[in-house]
Amino acid sequence: MRPRPSRRGVLGLLAGAGAAVTVGAAGYAQLTAPTTGRLLRSTAELPPPFRVPLPVPPVARPVTTGGGRDGYEVVQREAQVEILPGLKTTVWGFDGLFPGPTFVGRAGRPVSVRVRNLLPVPTSTHLHGGITAPDSDGYPTDLLLPVGCGNPARPSGGWTPGATHGDHVGPGDWQLHEGEKTYEYPLDQAAATLWYHDHRMDFSGPQVWRGLAGFFLVHDDTEQDLPLPTGERDLPLMLCDRSFAADGSLRYPSLDDSCTGTPGVRDGYGSGVLGDVMLVNGAPWPAAEVTATRYRLRLLNASNARRYRLTLAPAERFDVVVDFSAHPPGSTVTLVNTLGEGRMRQVMRFHVTHRDKDDTTVPTRLAAPAPRLGREQAAAVRNFGFRRTEGPDERARWTINGRPFTTGDTWATPRLDSVELWRLSSDFHHPVHLHLAQFQVLTRGGRPPAATDTGWKDTVDVRPYEVAEVLVRFRGHRGRYLLHCHNLEHEDMAMMANFDVV
Ligand SMILES: [Cu+2]
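Mapped onto the numbering used here, the consecutive letters of the sequence shown carry residue numbers 39 to 540.
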């Protein structure tokens, strides 16, 4: 059984005026602010906003640095953490942390990460935005099984590949690693804010919800020559929404909370799961003290389904420089999501403490200028329609070109080092993400891209009944990669497709 996507769909305008968005990458005009999922309410008592200090995830330390490359080891495990004041929450985290440790790499210097799985479930780790070979890209059926999973005494002991995935996964299409897997990241790419997260077949939604996500920052010489804020004034901010039960545990509407049996979410949540607690770096509505200087904020929307007008769509990142010197010491600056309702409009608060010396400036660019691709460079034109579709069994699914995902199907076969024009169309908000290949938005809704859509991207927020034309460059590796909706509930309900770089 697969769950039905909700028929609720687009719900129209949210109310709201006032509340300044003090921080934001120049937003494009939006006609509507529809919801992208169904709200799952917390039964826990929620804290007042801006009381919890903003945590910053620790930077991972390599265990080896020889041979021009860095080697890391990380463990996926359960941990008890305090997210809501006074309550304990069990998370599934990299090193038991939510968010996981921040990896910091340099362009051209390869990184390997050995992941050990002590969770009761299989995982697959994807470096989002990474130009990575297929066997390290976190393909959904390339699974890292728990340590000791052959032991029937463990919760995962009964896990059988294919038991619940028969209609998506071809026979013999599981790659299984027991206990440990080493992911290789060449990092042959420009400076960027990347992130890593779980991508397990059918269970990415609940497993990311429980904490399997973190930052992966890439620096390069071009970026480090810029007069940008660094150190404590380079702040990664992972935005995501969650819901909590009265005992502090995370709520998620899984059909099977153990994530070992039937995948999917309960009726009504198929359009996406929205939480009512705003977390930044894992803390509810936190507050951060800042000096009256410029800060670089690396904004990551790591939510399953929620959109933000900062402006962000799920899985998108924007780096912005905010100049707090415009605000006198003692003042506060609140980061607001104008697409949120009620307390979900508020994200976090900055307290400006004192003036400090600041030799940074706002550069006109955060990266080397991207050569603009032109329509005439496209070796092929392909259409991808993201839709809700009734299957032959009258069950609704999220599909791409009318087909739900199966591992054996190939939707496109672009050539290595070619550029193609892909037309992405949609019946809902679908944040479309390509693995491996970065792209430039050529048009959106028939118009040239807004400032927030220029440059190289790996995720584009395709809005209802809109066509986004993107020019995709396939470089780095041949092999099978995914194109999918990054609303994790849609992704878990088969809104994925393969493309084969040949
Ligand atoms: Cu979608």
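C-beta atoms are modelled at their ideal positions from N, C-alpha and C, and glycine is treated no differently.
Residue pairing for R289: DSSP places it in a beta bridge opposite S281.
The nearest non-hydrogen atom of ligand 1 is 8 Å or more from the C-beta of C187. It is roughly 14 Å from the alpha-carbon of V256 to the alpha-carbon of F356. Here the alpha carbon of P224 sits roughly 27 Å from the alpha carbon of S341. Residue state for D530 is assigned as helix, using DSSP reduced to three classes. Spatial neighbours of L411 in its own chain (CB-CB distance under 8 Å, excluding positions within 5 residues in sequence) are listed in chain order as V457, Q478, L480, L509, R511. Taking the Cα positions, P158 is about 14 Å away from E218. In chain order, P91, L92, L273, M386, R387, F388, H389 place their CB closer than 8 Å to the CB of A326, counting only its own chain and leaving out the 5 sequence neighbours on each side.
Taking 4 residues as the minimum length, the stretch 459-520 contains no alpha helix (DSSP H) run wholly inside it. With distances taken between CA atoms, D258 lies nearest to D226 out of R280, R271, Y234, D226. Of the residues M239, N439, C187, the one whose Cα lies closest to the Cα of D205 is M239. Of the residues D285, E120, M533, L78, the one whose Cα lies closest to the Cα of P322 is E120.
Taken atom to atom, the span from the alpha-carbon of E529 to that of G167 is near 17 Å. Contact residues of ligand 1 (beta-carbon closer than 5 Å to any heavy atom; chain order) are H468, C523, N525, H528. In the same chain as P86, and ignoring 5 residues on each side of it, no C-beta atom comes closer than 6 Å to its own. By the CB criterion at 9 Å, D108 and V149 fall inside the cutoff. CA-to-CA, the gap between R147 and V94 works out to about 25 Å. The Cβ atoms of T170 and G514 lie closer than 9 Å to each other. As a beta-bridge residue in DSSP terms, N421 pairs with R461. For E222, the enclosing beta strand (DSSP E) stretches over residues 218-223. With contacts defined by Cβ atoms closer than 9 Å, L78 and L312 form a contacting pair.
D259: member of the alpha helix (DSSP H) spanning 259-262, first to last residue.
Bounds of the beta strand (DSSP E) holding V142 are 141-144. The Cβ-Cβ distance between F254 and T437 does not fall below 9 Å.
Note that the C-beta distance between T497 and E354 is below 9 Å. In the three-state scheme derived from DSSP, where H, G and I count as helix and E and B as strand, D361 is classed as strand.
DSSP, read as helix, strand or coil, puts P172 in helix. If the five residues before and after L275 are omitted, its C-beta is found closer than 6 Å to the C-beta atoms of V318, L335, L337, all from its own chain and listed in chain order.
Look at Q213 here: in three-state DSSP terms it is strand.
For Q245, the enclosing alpha helix (DSSP H) begins and ends at 242-247.
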